[in-house]
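Numbering (the numbering used here), first residue to last: -6 to 290.
The structure appears right after this line, and notes come after that.
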Amino acid sequence: MLNLRPRQLLLLSLLAAFVTMALKTLAWYITGSVGFLSDAIESVVNVAGAGFALFMVTLARRPADDSHPYGHSKAEYLSAAFEGGMILLAAFAICITAIERLINPQPISTLGIGTAFTVLASLINLAIALLLLRGGKQHNSPALEGDGKHLMTDVWTTVGVIVGVSVAAISGYSWLDPLVAIAVALHIVHEGYGILYRAANGLMDKALPDEDITKIEQALATIGGSEVSFIHLRTRAAATLQFAQTDMQVPAHWTVEKAHKLADEAEIALLQLGIELVVHVEPKELANGVTAYNVPT
């Protein structure tokens, strides 16, 4: 199976978006179906989304600098937010077109050829969506995952459009065609809201999943023995980057060098899990709440 990097996957997605947009536009032009038009409008969103995602992923891969000491990885969430906004605009345009066609219905013609173009476009989207979802999981990339989920939704949307338009053409009830378009618009509004919600969650430093936190706790538990405690664990995700912070309590008589060495071990252990750890060292307190210090005489 292909093992492509995020930028390569998004370049492939952008190319496929142009191809599917052309195929769906041809399907609408041949049939005159507003249902196919709604599908073609959504494919314009695919082009814009893939292009912006490519730009944001390129930006996100830039190394940390003086202005951005934690890197640029959150740029991927901007990509998801942009795509969600474009989806909502597309849904609005579809509704306006569908309502006009509902008021002034028109017959659908040459359904077979138009459907063939749409099916071909849908198969292309399905293949690219599976690659993006696999890449998003492999690289922990919200931009890839968001683009993949959007394309997968587009596949199911196209299936619904084909069924609805076919029923409208066979039954002769041309008003079914704009109703299908409105249903598509409502469906992609839901998808757009979901993408915007996930993007906002990422920008607000959402904690890592429970299973990742468990792995962190297990890794820290093996360091330092019974004399050392790790408390107040805090985590956050920034697209492909993951961060954690914890307080490490050590016996008060330890030297700074010894505590620092153990903190380094903890950071290296979590780095192997792909997590950047920051450790704050504290002296342990006695049972009465008083911190024990060795004061030189």
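Every residue gets a Cβ at the ideal spot worked out from N, C-alpha and C, and that includes glycine.
Is the beta carbon of residue i less than 8 Å from the beta carbon of residue j?
i	j	result
Ile80	Ile181	yes
Ile106	Ile23	yes
Ser26	Val158	yes
Gly77	Ile188	yes
Ser219	Gln242	no
Leu19	Gly128	no
Could you have a look at residue i and say whether DSSP puts it in helix, strand or coil?
i	result
Ile224	strand
Ala200	coil
Arg191	helix
Arg316	Only positions -6 to 290 of the chain appear in the structure, and residue 316 is not among them; the question remains open.
Arg229	strand
Tyr63	coil
Leu5	helix
Tyr70	helix
Gln265	coil
Leu(-3)	coil
Trp168	coil
Gly217	coil
Asn133	coil
Ser115	helix
Thr151	helix
Ala252	helix
Arg55	coil
Gly141	helix
Asn97	coil
Ser26	coil
Spell out the partners DSSP gives residue i in its beta bridges.
i	result
Leu270	Ala237
Val243	Pro276
Candidates the options: which alpha carbon is nearest residue i's?
i	options	result
Arg227	Leu196, Gly195, Val271	Val271
Tyr70	Arg(-2), Ala231, Lys130	Ala231
Ala43	Lys251, Ala245, Pro(-1), Ala214	Pro(-1)
Ala73	Ala53, Tyr63, Thr248, Thr18	Ala53
Val38	Lys254, Ala237, Glu184, Ala193	Glu184
Lys277	Leu4, Ala212, Pro244, Asp257	Pro244
Thr108	Ile121, Ala161, Phe29	Phe29
Leu82	Gln1, Thr151, Ser36	Ser36
Asp179	Ala193, Asp147, Thr207	Per the sequence shown, residue 179 should be read as Leu rather than Asp. The residue with the shortest Cα to Cα distance from Leu179 is Asp147.
Ala192	Glu204, Ala237, Leu137	Leu137
Leu234	Leu2, Ala256, Lys251, Ala200	Ala200
His33	Leu4, Phe75, Thr151, Phe45	The amino acid at residue 33 is misidentified as His; the sequence shows Ala. The shortest Cα separation from Ala33 among Leu4, Phe75, Thr151, Phe45 belongs to Thr151.
Thr239	Tyr186, Ile155, Ile206, Ala91	Ile206
Leu2	Glu260, Tyr190, Leu126, Ala91	Leu126
Thr51	Leu19, Leu4, Val112	Leu4
Leu47	Gly139, Asp59, Val12, Asp198	Gly139
Ile121	Val160, Cys88, Met197, Val12	Val12
Asp203	Arg229, Ala9, Met197, Asn194	Arg229
Ile155	Ala10, Ala9, Ser31	Ser31
His132	Ala161, Tyr186, Ser66, Val160	Ser66
Around the Cβ of residue i, are there at least 16 other Cβ atoms within 10 angstroms (buried) or fewer (exposed)?
i	result
Glu210	exposed
Met49	buried
Phe85	exposed
Met14	buried
Leu264	exposed
Leu267	Strictly speaking, residue 267 in this sequence is Gly, with Leu absent from that position. Under this definition Gly267 is an exposed residue.
Trp168	exposed
Thr215	exposed
Asn311	Past the edges of the chain, shown from -6 to 290, lies residue 311, and the structure says nothing about it.
Pro171	buried
Gly141	buried
Lys130	exposed
Arg94	buried
Val177	buried
Leu144	buried
Ala285	Model confidence at Ala285 stands at a pLDDT of 45, short of 50, so the residue's coordinates are unreliable; what they give is reported in the following sentence. The residue in question, Ala285, is exposed, as its Cβ has fewer than 16 Cβ neighbours within 10 Å.
Val173	buried
Leu116	exposed
Thr111	buried
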